[in-house]
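>
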Amino acid sequence: MDDDVKIGLEVHVHITALKTKLFCSCPSDYTGKDPNTVTCPVCLGLPGAIPVLNENAVKYGILTALALNCQIAEKLIFDRKHYFYPDMSKNYQISQYDGPGSMAIAKDGYIKLNDKIIRIRRINIEEDPAKIVYPTGSILTSKYTLLDYNRSGTPLLEIVTEPDLRSAKEARFFLEKLRSILEHLGICDCSIEAAMKADVNISVKGGERVEVKNVGSPKDVEDAINYEIARQRASVLQGINIKRETRHWDNERRVTVPLRTKETEEDYRYFPDPDLPPYSITPELIEKFKREMPELPDQRAERFVKQYNITPYQAQVLVNEKALADLFEEITNKYKNYTKVANLLINDYMRWLNENNITVTQSKAKANHIIELFEYLDSGLISIKIIKELLPEMILTGKTPGQLIKEKGMTNIKDENYLEKIIDEVLNEEKEAVEKAKRDPKVVNYLVGMVMKKTGKRADPQMTVEMIKQKLGLA
Numbered sequence: 001m002d003d004d005v006k007i008g009l010e011v012h013v014h015i016t017a018l019k020t021k022l023f024c025s026c027p028s029d030y031t032g033k034d035p036n037t038v039t040c041p042v043c044l045g046l047p048g049a050i051p052v053l054n055e056n057a058v059k060y061g062i063l064t065a066l067a068l069n070c071q072i073a074e075k076l077i078f079d080r081k082h083y084f085y086p087d088m089s090k091n092y093q094i095s096q097y098d099g100p101g102s103m104a105i106a107k108d109g110y111i112k113l114n115d116k117i118i119r120i121r122r123i124n125i126e127e128d129p130a131k132i133v134y135p136t137g138s139i140l141t142s143k144y145t146l147l148d149y150n151r152s153g154t155p156l157l158e159i160v161t162e163p164d165l166r167s168a169k170e171a172r173f174f175l176e177k178l179r180s181i182l183e184h185l186g187i188c189d190c191s192i193e194a195a196m197k198a199d200v201n202i203s204v205k206g207g208e209r210v211e212v213k214n215v216g217s218p219k220d221v222e223d224a225i226n227y228e229i230a231r232q233r234a235s236v237l238q239g240i241n242i243k244r245e246t247r248h249w250d251n252e253r254r255v256t257v258p259l260r261t262k263e264t265e266e267d268y269r270y271f272p273d274p275d276l277p278p279y280s281i282t283p284e285l286i287e288k289f290k291r292e293m294p295e296l297p298d299q300r301a302e303r304f305v306k307q308y309n310i311t312p313y314q315a316q317v318l319v320n321e322k323a324l325a326d327l328f329e330e331i332t333n334k335y336k337n338y339t340k341v342a343n344l345l346i347n348d349y350m351r352w353l354n355e356n357n358i359t360v361t362q363s364k365a366k367a368n369h370i371i372e373l374f375e376y377l378d379s380g381l382i383s384i385k386i387i388k389e390l391l392p393e394m395i396l397t398g399k400t401p402g403q404l405i406k407e408k409g410m411t412n413i414k415d416e417n418y419l420e421k422i423i424d425e426v427l428n429e430e431k432e433a434v435e436k437a438k439r440d441p442k443v444v445n446y447l448v449g450m451v452m453k454k455t456g457k458r459a460d461p462q463m464t465v466e467m468i469k470q471k472l473g474l475a
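Residue numbering for the sequence shown follows my numbering, beginning at 1 and increasing consecutively.
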């Protein structure tokens, strides 16, 4: 924890649950569409075009506010946030501002992060600007930029924290928990590219606040913050003034680079949008949405501990990603060794996904595949080592365990005569280990490993241990 560091986040969440944009009837899903084909006069900001609010956005804003323990406004007021930038063709963004004469949908909430409270300053509903495309993939090396207005006008929630975070790791944990809450609410499919982004505000003692714009994942946020902390501390030590500015996270080089001098709130010249009347949020409406609230991650983790008798740590890891928690419950509906399932998903399944940058939803190894794996294990046909070998191929190909076992000939060897022959070879070759095993039974594991090596990990582990102990007089 860094006492000289203050970090605040402005998280922008695409409300993927909405099928149309925030103020027009254009589809909000532009995946795979040709650039600038999912547009209309409203989302292009053409003169005379009048926005009309998608009321379902209010529902998702209220659900988020309830989940984040916020005070919900009695009325919703949309403001124009003015700035000149090519990604917003009308030169203002329809957003919300919690100031005189204006009102965000919610404020003064919190998320509990272990034993620490991270305060939520406000939640806004706003439209997304267009997508800026750098032909080379980097702002530094591209000679020009391209604009795709398909994204312009898609509905966003902006969730702004107080500067309560003190480290890059804490910021990543916060975003992962927020992501899980939003997924459990059904508001955002965060596996979609750019569905959740963050502007990161960072300051160290002796310097001004620096904003890093549009960082795309919790891991990238962690890396960007670590870079900025190191850069700003080095500047302070050298007596270099840290100016208030906006910087860009270069994902290729893993560094931040200057974009522009940071704007102040006065620069944006907020005022209420005259085309959008205030929207009343009644107590009855809030109560209605309270009744519709699904089970949230912390509640689900508590239930997992009670229902499945797994550890609190295992439960928290599982619910950290809704798709993983769903997979766990789908498996345990049919396979009842809950701890074994949790261990495999947390220690092997997720580790392999993370190492290969694959999401749970992208994995081709579904619940029925993993249930089949455990059934083969319990029958003695395969060992846990074989499970760990099969799992990556199942994830990539979607082949069933039965198909892979047949293709690779990976069933356990239980032929006693064959095993005895291999064991005798190992005992003859490893005479020093044999003598040590007679004094220290733990060395038997080494001898078992040598048998596994000779049999391509196919020797039945339990039979091998018992036969070696019998031969050494340890049974």
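Positions of the beta carbon are idealized from the N, C-alpha and C atoms, including for glycine.
Quantities reported herein were computed from a predicted structural model and do not represent experimental measurements.
Under the rule that 16 or more other beta-carbon atoms within 10 Å means buried, what is residue 181, buried or exposed?
So residue 181 ends up on the buried side.
> Would the segment 31 to 39 count as touching the segment 166 to 185 if we require 3 or more Cβ pairs under 8 Å?
In short, these stretches do not touch, since the Cβ pair count stays below three.
> Count the CB pairs spanning the segment 7 to 19 and the segment 186 to 195 that are closer than 8 Å, and state whether there are at least three.
Contact holds: three or more Cβ-Cβ distances are below 8 Å.
> For the candidate residues 255, 376, 52, 233, whose alpha-carbon lies nearest to that of residue 139?
Looking at the Cα atoms, 255 is the closest of the given residues.
> With 16 as the cutoff for other CB atoms within 10 Å, does residue 322 come out buried or exposed?
It is buried - the Cβ of residue 322 has at least 16 other Cβ atoms within 10 Å.
> Using only the alpha-carbon positions, how far apart do residue 131 and residue 85 sit?
Computed Cα separation, rounded: 12 Å.
> Mapping DSSP to helix, strand and coil, what is residue 253?
Residue state, collapsed to three classes: coil.
> Between 332, 12, 413, which has its C-alpha nearest residue 308's C-alpha?
Per the Cα distances, 332.
> Does DSSP put residue 114 in a helix, a strand or coil?
Coil at residue 114, not helix or strand.
> Determine the closest residue to residue 444 out of 426, 123, 454, with distance taken between C-alpha atoms.
It is 426 whose Cα lies nearest to the Cα of residue 444.
> Measure the Cβ-Cβ separation of residue 80 and residue 244 and say whether it is below 9 Å.
Not in contact: residue 80 and residue 244 (Cβ atoms no closer than 9 Å).
> Apart from the five residues on each side of it in sequence, which residues of its chain come closer than 7 Å, Cβ to Cβ, to residue 258?
Around residue 258: 245, 247.
> For the segment 60 to 73 and the segment 229 to 241, state whether three or more C-beta atom pairs, one from each stretch, are separated by less than 8 Å.
Not touching, per the Cβ criterion.
> Report back the beta-carbon spacing between residue 294 and residue 184 to the nearest angstrom; my notes put them in contact at under 8 Å.
6 Å between Cβ atoms; contact.
> Tell me whether residue 405 sits in a helix, a strand or coil according to DSSP, three-state version.
Helix at residue 405.
> What residue range is occupied by the uninterrupted alpha helix (DSSP H) comprising residue 309?
Per DSSP, residue 309 belongs to no alpha helix (DSSP H) and is neither H nor E.
> Strictly by DSSP, which residues pair up with residue 79?
DSSP, once it has assigned bridges, lists 95, 272 as partnering residue 79.
> How would you label residue 460, buried or exposed, when you count the other beta carbons within 10 angstroms and need 16 or more for buried?
That one is buried.
> Touching or not, the segment 43 to 54 and the segment 150 to 160, by the rule of three or more beta carbon pairs under 8 Å?
The segment 43 to 54 vs the segment 150 to 160: in contact.
> Along the chain, where does the alpha helix (DSSP H) containing residue 450 start, and where does it finish?
Note, residue 450: alpha helix (DSSP H), 444 to 454.
> Can you have a look at residue 464 and say buried or exposed, based on whether 16 or more other CB atoms are within 10 angstroms of its CB?
It is buried - the Cβ of residue 464 has at least 16 other Cβ atoms within 10 Å.
> From the DSSP output, in three-state form, read off residue 18 for me.
DSSP places residue 18 in coil when its eight states are reduced to three.
> Report the residue ranges of all beta strand (DSSP E) runs contained in full by the segment 167 to 253; include only those spanning at least 3 residues, in chain order.
Runs found: 196 to 204, 210 to 215, 245 to 250.
> With 16 other CB atoms within 10 Å as the buried threshold, where does residue 280 fall?
The residue in question, residue 280, is exposed, as its Cβ has fewer than 16 Cβ neighbours within 10 Å.
> Return the bridge partner residues of residue 161 from the DSSP annotation.
DSSP output for residue 161 lists 120 as bridge partner(s).
> What's the call for residue 363, buried or exposed, on a 16-neighbour Cβ count within 10 Å?
It counts as buried.
> Go ahead and pull the three-state DSSP assignment for residue 156.
Correct three-state label for residue 156: strand.
> With a threshold of 7 Å on Cβ separation, who are the neighbours of residue 290 within its own chain once the five nearest residues in sequence on each side are excluded?
Only 66 meet the Cβ criterion.
> Could you tell me if the beta carbon of residue 140 falls within a distance shorter than 8 Å of some heavy atom in the ligand SAH?
Ligands are entirely absent from the displayed structure, and the ligand SAH is therefore not among its contents.
> Looking only at its chain, what residues have a beta carbon closer than 6 Å to the beta carbon of residue 11, apart from the 5 residues adjacent to it on each side?
For residue 11, where only same-chain residues beyond five positions count, the Cβ hits under 6 Å are 159, 198.
> Rounded to the nearest angstrom, what separates residue 396 and residue 369 at their Cα positions?
Approximately 12 Å between the Cα atoms of the pair.
> Which residue from 299, 317, 163 puts its Cα closest to that of residue 5?
The candidate whose alpha carbon is nearest that of residue 5 is 163.
> Using alpha carbons as the reference points, say which of 40, 388, 126, 103 lies closest to residue 54.
The shortest Cα separation from residue 54 among 40, 388, 126, 103 belongs to 126.
> Out of 161, 306, 409, state which residue places its alpha-carbon closest to the alpha-carbon of residue 70.
Per the Cα distances, 161.
> Could you please give the first and the last residue of the uninterrupted beta strand (DSSP E) stretch that includes residue 434?
Run containing residue 434: none in the beta strand (DSSP E); it sits in the alpha helix (DSSP H), 431 to 439.
> Alpha carbon to alpha carbon, how far is residue 124 from residue 106?
For residue 124 and residue 106, the distance between alpha carbons rounds to 7 Å.
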